[in-house]
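**Student:** Have a look at this one before I ask anything.
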Amino acid sequence: MSRPGSSRSYGSRSEGARSGGRPARGGRDAKRDPKVRDKTVDPVREAARDVLRAVRERDAYANLILPKMLRERHISGRDAALATELTYGTARAQGTLDAVIAAAANRPVDEIDGKLLDVLRLGTYQLLRTRIGAHAAVDTSVDLVRSEAGIGPSGFVNAVLRKVSQRDEELWIDQLAPPMADDLIGNLAFRYAHPRWIAEVFFEALGRSAGQLQAALAADDDRPPVHLVARPGFITAEELALTSGGEVGRYSPYCVYLPGGDPGDVEAIRQGYAGVQDEGSQLVARSVTIADIGTDSGRWLDMCAGPGGKAALLGAIADIDSAHVDALEISDHRADLIRGVVRDLPVSVHVADARDVVGNTGLEPGFDRILLDAPCTGLGSLRRRPEARWRRKPSDVTDLVALQRQLLTEAISLVRPGGIVVYSTCSPHPAETTGLVADVVGSVDGARQVDARGLVGADDLGDGPHVQLWPHIHGTDAMFLAAITKD
Ligand SMILES: C[S@@+](CC[C@H](N)C(=O)[O-])C[C@H]1O[C@@H](n2cnc3c(N)ncnc32)[C@H](O)[C@@H]1O
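Shown next, in the form of structure tokens:
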């Protein structure tokens, strides 16, 4: 017989025997109708557990499935807020939680059944990173397992979580993280729940400053703020702030910071006058439209537009400036998402590979303004994609850089002399940002970078000519942008 908690034991046929032959309370033997909720289980934790399971088993995105699940299960208000905090917090902290669980269980986590591991992560997160009392954290976890798998596995979860609860997070870090004096990056990566390779990338991008790295990782490990965009021509940021209870943003003239609540409840969002969009993304889209390029014939291009956040802002500004945006996107599904947000705006959506725009769309070169918001690792928006940091691999970078190089070369070939290309990524990885831009600009005759700092207008933008935003400095995602023109 396998050990309780081992990858073969969960829901195993021997469960009845281990629990004395009696059907476990609400367990598998009770032949529970899955549509009938088990009253012994807290619906908030159950939703969090179900999302964590979907993320682990089928690579789901927590921030896409949780809101839908909460609506379907009629979980709202404070319960929805708690479910969100527990789900996203647990997903973000996974690597550090796993190290603690492995120490407490005295076995590597890959020897623990996945379904138990989801609950252990959820319980450990509550014990170490919330003010939820230890009894509530342990008991609700045990109930989750017992209702599905019975007494044996729930006993294992109980034992592990009780062991976890004997120390606070700081003590676990002292025990498990590499000492700061020997391995600064490893220590901070553990403390702020990032894979080490990502902490190394941030360290390089931040000029090898330990203080900056600590602040960046801490900001990334925190709950992200909600930023709204007021679509120009539809509603002003002041009006949106007033009607949503938010506060006008620091840098983008379209931005509103929403202090809490569900953005879906904001009337202006329901009407399509506003949307949810990080302030850094707003600054990128706006920068394309305000660059001084002399006469503008109004031919604008968004080369990688899905799901359409920046295309919608570009389109709203284009409407005011009597311009037109061609928006390209390689994926059908994401092109549909763009169409959904650019209705009534002067935007044409093309499903096409932007590595050969003329060949794939028939569009003429000679665009005045081009946005290339390139596919990237997304290391700059990890706080908004809870599980992403544990999914990304260093090897992803190579393929993406090759694609970015092709796309940026194409963008420069499509812009008219004196026009502007804004290259952006939601990643601060030097290979995808400064390195890539220097490489491509250096290899194309007549192409040169112009100072992008004036197009962004935020504080603390360094020496230029590119701009790197950071959550811990600007409160935005870590968006990078470079502005390029050609003679
Ligand atoms: C970073 S996202 C763009 C985000 C978008 N600008 C926004 O603000 O909503 C990059 C997009 O490029 C698309 N993409 C990837 N390769 C492409 C290609 N070769 N041609 C066109 N689009 C591509 C991806 O499907 C993805 O939707």
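So for the sequence shown, the numbering used here puts the first residue at 750; every next one is plus one. Note that CB positions come from ideal geometry on N, CA and C, so glycine has one too. Note that the structure is predicted; figures quoted are calculated from it, not measured.
1) Starting from the N-terminal side, write out each stretch of the beta strand (DSSP E) that is 3 residues or longer and does not extend beyond the segment 917–1004.
2) Quick one: give me the first and last residue of the beta strand (DSSP E) that serine 1272 is part of.
3) Where valine 1186 and alanine 1231 are concerned, what is the direct C-alpha to C-alpha distance, given to the nearest angstrom?
4) For arginine 1197, count neighbouring Cβ atoms within 10 angstroms of its own Cβ and tell me buried if that reaches 16, exposed if not.
5) Quick check on tryptophan 1139: does DSSP put it in helix, strand or coil?
6) With a threshold of 7 Å on Cβ separation, who are the neighbours of valine 804 within its own chain once the five nearest residues in sequence on each side are excluded?
7) Is the distance from the Cβ of alanine 883 to the Cβ of serine 903 below 7 Å?
8) Kindly list the residues whose CB is nearer than 8 Å to the CB of aspartate 1188, restricted to its own chain and excluding five residues on each side of it in sequence; keep chain order.
9) How far does the beta strand (DSSP E) with glycine 889 in it extend, from its first residue to its last?
10) What's the C-alpha gap between glycine 1129 and isoleucine 900?
11) Taking the alpha-carbon of tyrosine 1006 as reference, which of Lys1142, Gly994, Gly1013, Asp1014 has the nearest alpha-carbon?
12) At what residues does the alpha helix (DSSP H) containing serine 1030 begin and finish?
13) Does the Cβ-Cβ distance between cysteine 1053 and alanine 1084 come in under 7 Å?
14) With respect to the alpha helix (DSSP H) encompassing alanine 848, which residues constitute its N-terminal and C-terminal limits?
15) Report yes if the C-beta of arginine 911 is less than 6 Å from at least one heavy atom of ligand 1; otherwise report no.
16) Which two residues bound the contiguous beta strand (DSSP E) that contains aspartate 1075?
17) Using DSSP's beta-bridge definition, name the partner residues of histidine 1099.
18) Have a look at aspartate 1194 and aspartate 1041 and give me their C-alpha separation to the nearest angstrom.
19) Whole angstroms is fine: what's the gap from glutamate 953's alpha carbon to glycine 1184's?
20) Do you know how far the Cα of valine 800 is from the Cα of arginine 822?
21) Note the first and the last residue of the continuous alpha helix (DSSP H) segment covering valine 1107.
22) Using DSSP bridges, identify the partner residues of leucine 1121.
23) Can you find the residues in the same chain that come closer than 6 Å, C-beta to C-beta, to aspartate 1226, ignoring five residues on each side of it along the sequence?
24) Check whether the Cβ of glutamate 1028 sits closer than 6 Å to any heavy atom of ligand 1, and report yes or no.
25) Identify the continuous alpha helix (DSSP H) that holds valine 1190 and give its terminal residues.
26) State the beta-bridge partners of arginine 1235 as determined by DSSP.
27) Hey, is alanine 1103 close to ligand 2, as in C-beta under 6 Å from one of its heavy atoms?
28) Does DSSP put glycine 863 in a helix, in a strand, or in coil?
29) So is the beta-carbon of serine 1173 under 6 Å away from any non-hydrogen atom of ligand 1?
30) Compare the C-beta of glutamine 961 with all C-beta atoms of chain B and state if any pair is closer than 7 Å.
31) For ligand 1, is there any heavy atom lying closer than 6 Å to the beta carbon of glutamate 1078?
32) Compare the C-alpha of alanine 830 against each of Cys1125, Asp1011, Val1033 and name the closest.
33) Compute the minimum distance between the beta carbon of proline 1056 and the heavy atoms of ligand 1, and state whether it is under 6 Å.
34) What is the residue span of the beta strand (DSSP E) that leucine 1050 lies within?
35) Can you confirm whether the segment 972–982 touches the segment 995–1005 when touching is taken to mean that 3 or more C-beta pairs between the two stretches lie within less than 8 Å?
**Tutor:** According to the structure shown:
1) 975–979
2) Outside the displayed span of the chain (750 to 1236) sits residue 1272, for which this structure offers no information.
3) 7 Å
4) exposed
5) helix
6) Ala811, Ala840, Glu1136
7) no
8) Arg1154
9) In the sequence on display, residue 889 carries threonine and not glycine. Where threonine 889 is concerned, there is no enclosing beta strand (DSSP E), although the alpha helix (DSSP H) it sits in stretches over 883–898.
10) 43 Å
11) Gly994
12) 1028–1039
13) no
14) 843–854
15) no
16) 1073–1078
17) Leu1077
18) 21 Å
19) 12 Å
20) 13 Å
21) 1106–1110
22) Tyr1172
23) Asp1027, Gly1029, Gly1129, Ser1130, Cys1175
24) no
25) 1183–1192
26) A quick correction: the sequence has lysine, not arginine, at residue 1235. Answer by DSSP bridge pairing, in chain order: Ala1196.
27) This structure simply doesn't include ligand 2; it includes ligand 1 instead.
28) helix
29) no
30) Of the protein chains in this structure there is only one, and it is not chain B.
31) yes
32) Asp1011
33) yes
34) 1048–1051
35) yes
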